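In what follows, a single structure is set out as structure tokens and then discussed.
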Amino acid sequence: MPLALLALAIGAFGIGTTEFVIMGLLPEVASDYGVSIPTAGYLVTGYALGVMLGAPLMTVLGTRVPRKRMLMLLMGLFIVGNLLSAVAPAFSVMLIGRVVASLAHGAFFGIGSVVAAGLVAPHKKAGAIAMMFTGLTVANVVGVPLGTLIGQTAGWRVTFAVVAALGVVGLAGVAKLVPDMPRAEGVRLRDEMAAFKNVQVLLAMAMTVLGFGGVFAAITYIAPMMTHVAGFADGSVTWLLVLFGLGMVGGNLVGGRFADRALMPMLYISLGALSVVLALFTLTAHDKIASAVTVVLIGALGFATVPPLQKRVLDHAHGAPTLASAVNIGAFNLGNALSAWLGGVVIAAGFGYTAPNWVGAVLAAAALVLAVLSAALERRGRASGTVVAGSVPSTEQRAAAVHH
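Just so we're aligned, residue 15 is where the sequence shown starts under the numbering used here, counting upward by one.
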């Protein structure tokens, strides 16, 4: 794998750390600014909304900018946002800082996925994408616990200053290691938008929302579930999240490896198993050992879907993939927000702290249904020798059409 992927992974590590570390620092931030915990929670919501809006916005603004330069500009925006959060004199200013940092998130992963896939041979694309996303998964194992510890001992402002420094390292890495990759000649915004007429691109994005939403329906409420149901001490939640992060790392790498060999079977297995494991979590949550194992499996199965889904979007938006790739990153955050809300609804309705697991199981099962539908439509298209409207055929598709 090219060294340029290391630079992308470092940037992903910083972005993953700043996205999730705030969850462990909400009490300190709320106390410092004199606001309630729910009000401090807007720092999480604001970031997620910023990712969803920023992914297409920043990608559209960067359509005329070479990809390497755009990645550098995005890392610069990320640095500014975290520095603003670190020195914010008021809660509103910190919220602005969080939103500024989030604007870089979706476009960085979207453009980074295109760059990563372009650095390797066609049969290694999903593995290259997974390598970049490894930075995001490792952030949950190392960056978030370490950032939380720093924030609780030295102050939360120090945490965001350190994250900004990580951004500087990522920026330097992109500048030094990523080769110049000018945007594809002749590809205009209209070409990028045409990808959204392709039903396969839309189905892949819907699978992203539902599949990853299944993960976060459960993980969002892991603290009350593990303390009130499984019987863990409050301090155990940190290492349980580390276990979840370890599962994410393993699942991401396995998903990337096997998606290059058999993409759709990889999705069938991971989404089907994820639905079953989430349903079983309603039972295993009552036992410490079983619940800890289940948390690892949820992280692994959930992130095993990331490289194949991202590659599927790239494949079906071939020729103009940048905007679709970035919007798919926003779809992950839409899934997070949707599932967290649904999980809260069932808890508020009195169904208990394990009820979000059923929500997650249903969402993952729905994603599996869409995967089966997507494959069926693809087979029908190949049998009739047609290409789905709005898609730009890949090299393989063009070859198949000629063979016909």
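Even glycine gets a Cβ: it sits at the ideal position worked out from N, Cα and C.
Note that the structure is predicted; figures quoted are calculated from it, not measured.
Asked                                                                                                              : Found
Limits of the unbroken alpha helix (DSSP H) element including His119                                               : 105–132
Segment contact flag, the segment 227–245 with the segment 369–377, C-beta cutoff 8 Å, min 3 pairs                 : yes
Three-state class that DSSP yields for Ala218 in the structure shown                                               : helix
Candidates Val152, Ser127, Leu150, of which the one nearest Ala140 by Cα                                           : Ser127
DSSP state of Arg275 mapped onto helix, strand, coil                                                               : coil
Supposed contact pair Leu191 and Leu17 - C-beta distance, whole angstroms, cut 8 Å                                 : 5 Å
Under 9 Å between C-beta atoms of Pro193 and Lys82                                                                 : yes
Where Asp194 falls: helix, strand or coil (DSSP)                                                                   : coil
Assigned exposure category for Gly38 - 16 Cβ within 10 Å defines buried                                            : buried
Closest residue to Ala186 among Ile93, Gly249, His332 (Cα-Cα distance)                                             : Ile93
Contact set for Asn347: own chain, Cβ-Cβ below 7 Å, skip 5 residues either direction                               : Ala62, Val65, Met66
Sub-9 Å separation of Thr32 and Val177 beta-carbons                                                                : yes
Proximity below 9 Å, CB of Leu285 to CB of Thr319                                                                  : yes
Close-in-space but distant-in-sequence residues of the same chain around Pro322 (CB under 7 Å, 5 per side omitted) : Ala140, Gly269, Ala273, Leu277, Met280, Leu281
Reference Phe290; option with closest CA among Ala304, Ala378, Ile143                                              : Just to set this straight, residue 290 is Val in the shown sequence, not Phe. Of Ala304, Ala378, Ile143, the residue nearest in Cα terms is Ala378.
Contact under 9 Å by Cβ, Asn350 with Phe226                                                                        : yes
Collapsed DSSP secondary structure at Leu20 in the structure displayed                                             : helix
Contact the segment 132–152 vs the segment 21–30: 3+ CB pairs below 8 Å                                            : yes
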